[in-house]
Amino acid sequence: MRVDGSNNTIQYRIQKAFTAVGINLIFLVLMILILLPFGWMIINTFKTNTQLFQDSLALPQSMDFINYAQAWERGLSSYYKNSLIVSIISLILIISISASTAYGISRFRFCFSTLFFFIILGGMSLSEQVALVPLFKMLTKLKIYNTHLALILPYVAFRIPFSTFLIRAYMLTIPKEMEDAAYIDGYNSWQVFLKIIIPLSKPILASCALVNLNFVWNEFIFALVFIEDMRKMTIPIGLMAFKGQLRIDYVVLLAGIVIATLPMIVIFMVLQKQFIRGLASGAVKG
Amino acid sequence: MKVRPYTPYLYIVPGLFFVCIFVYFPVLSNFYYSFFRLSSYSSSMTWVGLSNYLKLAKEPILLTMLRNNLLYVIISLCVQVGLGTTLAILLETKYCRKFSSLYRNILFFPALMSLTAVGLLWQFVYTPNIGLLNALLGSVGLEQLQHAWLGDKNTAIFAIIGMSQWQFTGYVTILMIVAIQKVPEEYTEAAIIDGASTLQRSLFITIPSVKEQLLVCSIITIIGAFKLFTEVYVTTAGGPGNSTQVLGTYLYHQAFLYDDLGMAATVGMVILVITFSISIFQLRIAKSGEE
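If you're matching them up, the sequences are chains Z and R in order.
Residue numbers for the first sequence follow the numbering used here, so the first one is 48 and each next one is one higher.
Residue numbers for the second sequence follow the numbering used here, so the first one is 223 and each next one is one higher.
Okay, here's the thing in structure tokens:
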């Protein structure tokens, strides 16, 4: 790439090598800072509570998974089940409703279509806390307070704006020729949606599902307020309850944190590309 | 294409229904509630006019809360956005090529943990006797720096903010990397031919080309800071002595500890006004980016 030969002097190369080492050293330090709490947590999950109190920095004497088994049996298995139920149902609803909304908005012109688009999009700028008190009242009145539905309905509603925004932008890039041909072949709009648009939108639907999974799996404030029964709690709230119930059994709590975190890390490693695309094309946090 | 006139509406009705019933209706009710005194367990409501707002304005903790939210904004802008962007630029230079995907993945790990998991882990990191931080300080002979990080009024909020930087800096880095990768290669190539150094290229080419994404990252960071709740709730619950109270935790306490839903709704309105005005700004950028 370099056209100027004079840049390849020995001095220049040495300078470059130093910069490279320096920058990589900075990153090495950062990596240690990030991994240290993780590493420390993991080594302590293999200790007994007494060993932890003697020296939390020491390496464990054996690789005993008893704390993990304990965490799982003493509640985490049920929180896991609840999180799976809530996440799966929410994701199916979020993706199907958002895809349909995005299709309606991106493919048809009708009275108030822009208005409806802005109404849905505007939902993105409303935060959960502001709806917390009225939702609590409403869910109580609807007699679904303290059920999985009390989480699923608000999750779906709060994620539709963002997901619609994401999917619509992608659908706009799909060329219209194929649909036109399909209409000539006698397809109706529903068939076009199911047989052409959905298959072509798979990449964005996958990204969208992953970003929403990260949200639903980790959501805290609704889960804290709308569920009070231990048997219905999802993982984030379960961990809090777990802490209260274990009191000073730190090692089991740490094992619980590891178990709670593992699925997202595994999913990220496997589906990194889709995940990052989803995050990057619709930047919103938590 | 020929579709019946009502067909398009069928596609958007489900989405519209959910958003109106479970997002807009509650937010509007929240505005309405902020003029009443009401409790969780009864349906009676008493009109109190603006007295919730006046009471909030006189609340001695209000300044502490706003100060904490603002501290969170400022520190997060410097570390998450500032440092996060710098790291993104460094990762995209030739110096890191070999390890850049490894660095990137590790930086992103903490963002995948739930706020509860991070909060519980860090609460433990900050524990006086056995926590990682004090143990490390002790092992390198800096016992005098050992501290009850979350137990001391002066350090608690910084301990919480520090934890958030650990969690989210990598997130901004990833967002910025995606933007940097979209900068056309001709730009940098032209600059290389002109003899621009790596630093010059970052300052005069990379940063201006990604300023939109930079703005988006700043905005989501600011909004996140005003929505702050879980980090504080899990680690200190607003203590010690209200020193880490933020708008979000105060709202929760008013509603579900003191059963003053009207006051909670009022705090909600404050959060709404702040985050909504920042969001409008963001939507406008998002829209201009689409053209």
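Virtual Cβ for every residue (Gly too), placed ideally from N, Cα, C.
Values in this document were obtained by computation on a predicted structure and should not be read as measured data.
**Item:** Reference S251(R); option with closest CA among A178(Z), A105(Z), L198(Z) and S254(Z)
**Value:** In the second sequence, residue 251(R) corresponds to position 29, counting from 1. Residue A178(Z) is the option with its Cα nearest to S251(R).
**Item:** Within 8 Å of chain R by C-beta, residues of the segment 281–302 of chain Z in sequence order
**Value:** Correct list: I282, P283, I284, L286, M287, K290, Y297, L300 and L301.
**Asked** Are the C-beta of W87(Z) and some C-beta of chain R separated by less than 9 Å?
**Response** On the first sequence, residue 87(Z) is found 40 positions in, with the first residue counted as 1. Yes, because at least one Cβ of chain R sits closer than 9 Å to the Cβ of W87(Z).
**Request:** Would you please state the rounded distance, in angstroms, between the beta carbons of A118(Z) and V299(Z)? I believe it to be under 8 Å.
**Result:** Sequence index remark: in the first sequence, residue 118(Z) carries index 71 (1-based). Sequence index remark: in the first sequence, residue 299(Z) carries index 252 (1-based). Rounded to whole angstroms, the Cβ separation of A118(Z) and V299(Z) is 5 Å, and the two are in contact under 8 Å.
**Item:** S210(Z) vs I142(Z) beta-carbon contact at 9 Å
**Value:** Stepping through the first sequence from its first residue, residue 210(Z) is reached at position 163. Stepping through the first sequence from its first residue, residue 142(Z) is reached at position 95. Pairing S210(Z) with I142(Z) gives a Cβ-Cβ distance under 9 Å.
**Request:** Could you tell me whether any Cβ in chain Z is nearer than 9 Å to the Cβ of G353(R)?
**Result:** Your numbering for residue 353(R) matches position 131 in the second sequence. True, the Cβ-Cβ gap to chain Z drops below 9 Å.
**Request:** State the Cα-Cα distance for the pair Y455(R) and G151(Z), rounded to the nearest angstrom.
**Result:** In the second sequence, the residue the question calls residue 455(R) occupies position 233. In the first sequence, the residue the question calls residue 151(Z) occupies position 104. When rounded, the distance between both Cα atoms is 41 Å.
**Prompt:** Among the residues of its own chain, which have a CB less than 8 Å from the CB of Q292(Z), if the five just before and after it don't count?
**Reply:** Translated into positions along the first sequence, residue 292(Z) becomes position 245. For Q292(Z), where only same-chain residues beyond five positions count, the Cβ hits under 8 Å are R121 and G122.
**Prompt:** Quick one: is V50(Z) buried, meaning 16 or more other Cβ sit within 10 Å of its Cβ, or exposed?
**Reply:** Position 3 of the first sequence, counted from the start, is the residue given in the question as residue 50(Z). For V50(Z), the predicted structure reports a pLDDT of 48, less than 50, and the residue's modelled location is therefore unreliable. The matter cannot be settled from this model.
**Pick from R60(Z), C255(Z), L247(Z) and M311(Z) that is closest to K223(Z), judged by C-alpha positions** = As a first step, residue 223(Z) must be located in the first sequence, where it is residue number 176. Closest by alpha carbon: L247(Z).
**Alpha carbon of I245(Z) to alpha carbon of Q435(R), nearest angstrom** = For this step, residue 245(Z) is matched to residue 198 along the first sequence. For this step, residue 435(R) is matched to residue 213 along the second sequence. Between I245(Z) and Q435(R), the alpha-carbon positions lie close to 29 Å from each other.
**Prompt:** Short check: CB of M491(R) to CB of F258(R), under 9 Å?
**Reply:** Locating residue 491(R) in the second sequence gives position 269, counting from the first residue. Locating residue 258(R) in the second sequence gives position 36, counting from the first residue. Not closer than 9 Å, so no.
**Request:** Can you grab the Cα-Cα spacing for the pair Y59(Z) / G69(Z), in whole Å?
**Result:** Position 12 of the first sequence holds residue 59(Z). Position 22 of the first sequence holds residue 69(Z). Put simply, the backbone Cα of Y59(Z) is about 15 Å away from that of G69(Z).
**Item:** Closest Cα partner of M185(Z) within the set I500(R), T471(R) and Y255(R)
**Value:** Locating residue 185(Z) in the first sequence gives position 138, counting from the first residue. Nearest of I500(R), T471(R) and Y255(R) to M185(Z), Cα basis: Y255(R).
**Prompt:** Any residues in the segment 334–365 of chain R with a beta carbon nearer than 8 Å to a beta carbon of chain Z? Which ones, in chain order?
**Reply:** Correct list: L334, M335, S336, L337, T338, A339, L342, L343, W344, F346, V347, N351, I352, G353, L354, A357, L358 and S361.
**Request:** Can you give me the start and stop residues for the alpha helix (DSSP H) that T161(Z) sits inside?
**Result:** Residue mapping note: residue 161(Z) aligns to position 114 of the first sequence, counting from 1. That run of the alpha helix (DSSP H) goes S160 to G169.
**Prompt:** In whole angstroms, what is the alpha-carbon distance linking S501(R) and V249(R)?
**Reply:** Taking the first residue of the second sequence as position 1, residue 501(R) is located at position 279. Taking the first residue of the second sequence as position 1, residue 249(R) is located at position 27. Taking the straight line from one Cα to the other gives about 15 Å.
**Prompt:** Using a beta-carbon distance below 9 Å, is G373(R) in contact with chain Z?
**Reply:** Within the second sequence, the letter at position 151 stands for residue 373(R). For G373(R), the answer is no, since every Cβ of chain Z falls outside 9 Å of its Cβ.
**Message:** Strictly by DSSP, which residues pair up with W269(R)?
**Reply:** For this step, residue 269(R) is matched to residue 47 along the second sequence. Beta-bridge pairing by DSSP links W269(R) to F258(R).
**Prompt:** Got a sec, what are the start and stop residues for the alpha helix (DSSP H) L397(R) sits in?
**Reply:** Translated into positions along the second sequence, residue 397(R) becomes position 175. Boundaries of the alpha helix (DSSP H) harbouring L397(R): A378 to Q403, taken from the DSSP string.
**Item:** Buried versus exposed, by CB contacts within 10 Å (16 or more), G306(R)
**Value:** Position 84 of the second sequence, counting from 1, holds the residue named residue 306(R). With 16 or more Cβ atoms within 10 Å of its Cβ, G306(R) is classed as buried.
**Request:** Could you tell me whether the Cβ of M311(Z) comes closer than 9 Å to any Cβ of chain R?
**Result:** Within the first sequence, the letter at position 264 stands for residue 311(Z). Between M311(Z) and chain R, the shortest Cβ-Cβ separation is below 9 Å.
**Prompt:** Distance, Cα to Cα, N259(Z) vs V362(R)?
**Reply:** On the first sequence, residue 259(Z) is found 212 positions in, with the first residue counted as 1. On the second sequence, residue 362(R) is found 140 positions in, with the first residue counted as 1. Here the C-alpha atom of N259(Z) lies approximately 43 Å from the C-alpha atom of V362(R).
**Message:** Between K332(Z) and chain R, is any beta-carbon pair separated by less than 9 Å?
**Reply:** Locating residue 332(Z) in the first sequence gives position 285, counting from the first residue. At K332(Z) the pLDDT is 45, less than 50, meaning the model places this residue with poor confidence and gives no usable figure here.
**Asked** Looking at F165(Z) and S262(R), is the spacing between their C-beta atoms short of 9 Å?
**Response** In the second sequence, counting from the first residue as 1, residue 262(R) sits at position 40. In the first sequence, counting from the first residue as 1, residue 165(Z) sits at position 118. In this structure, S262(R) lies away from F165(Z), with their beta-carbon atoms at least 9 Å apart.
**Request:** Give a yes or no on whether the minimum CB-CB distance between Q108(Z) and chain R is below 9 Å.
**Result:** Locating residue 108(Z) in the first sequence gives position 61, counting from the first residue. So no, Q108(Z) is outside the interface.
**Message:** Can you list, in chain order, the residues of its chain with a C-beta nearer than 6 Å to that of I284(Z)? Leave out the 5 residues immediately preceding and following it.
**Reply:** Locating residue 284(Z) in the first sequence gives position 237, counting from the first residue. So the qualifying residues of the chain are A270 and L271.
**Asked** According to DSSP, is A413(R) helix, strand or coil?
**Response** Taking the first residue of the second sequence as position 1, residue 413(R) is located at position 191. Correct three-state label for A413(R): helix.
**Request:** List the residues of chain R whose Cβ lies closer than 8 Å to the Cβ of N71(Z), in chain order.
**Result:** Taking the first sequence and counting its residues from 1, the one referred to as residue 71(Z) is at position 24. Y317, C318 and F321, listed in chain order.
**Message:** Against chain R, with Cβ distances strictly below 9 Å, would G122(Z) count as a contact?
**Reply:** The residue labelled residue 122(Z) in the question sits at position 75 within the first sequence. The beta-carbon of G122(Z) is placed no less than 9 Å from the nearest beta-carbon of chain R.
**Request:** Determine the contact status of I207(Z) and G237(R), defining contact as a CB-CB distance below 9 Å.
**Result:** Indexing the first sequence from 1 puts residue 207(Z) at position 160. Indexing the second sequence from 1 puts residue 237(R) at position 15. Judged by beta-carbon spacing, G237(R) lies within the 9 Å limit of I207(Z), meaning their Cβ atoms are closer than that value.
**Prompt:** Would you say N290(R) and T466(R) are within 9 Å of each other, going by their C-beta atoms?
**Reply:** Within the second sequence, numbered from 1, the residue matching residue 290(R) stands at position 68. Within the second sequence, numbered from 1, the residue matching residue 466(R) stands at position 244. Contact: yes.
**Asked** Exposed or buried, D482(R), counting other C-beta atoms within 10 Å across all chains shown (16 or more means buried)?
**Response** Along the second sequence, read from residue 1 onward, the residue named residue 482(R) stands at position 260. Looking at its Cβ environment, which holds 16 or more other Cβ atoms inside 10 Å, D482(R) is buried.
**Prompt:** Which term fits S254(Z), buried or exposed, when burial requires 16 or more other beta carbons within 10 angstroms of its beta carbon?
**Reply:** If you number the first sequence from 1, residue 254(Z) lands on position 207. Counting Cβ neighbours within 10 Å, S254(Z) comes out buried, since at least 16 surround it.
**Prompt:** Is it a yes or a no for the segment 312–319 of chain R touching the segment 384–403 of chain R, going by three-plus beta-carbon pairs under 8 Å?
**Reply:** These segments touch.
**Message:** To test your reading of the DSSP string, which unbroken alpha helix (DSSP H) runs of 4 or more residues are found completely within the segment 254–292 of chain Z?
**Reply:** Whole alpha helix (DSSP H) segments, 4+ residues: 268–273.
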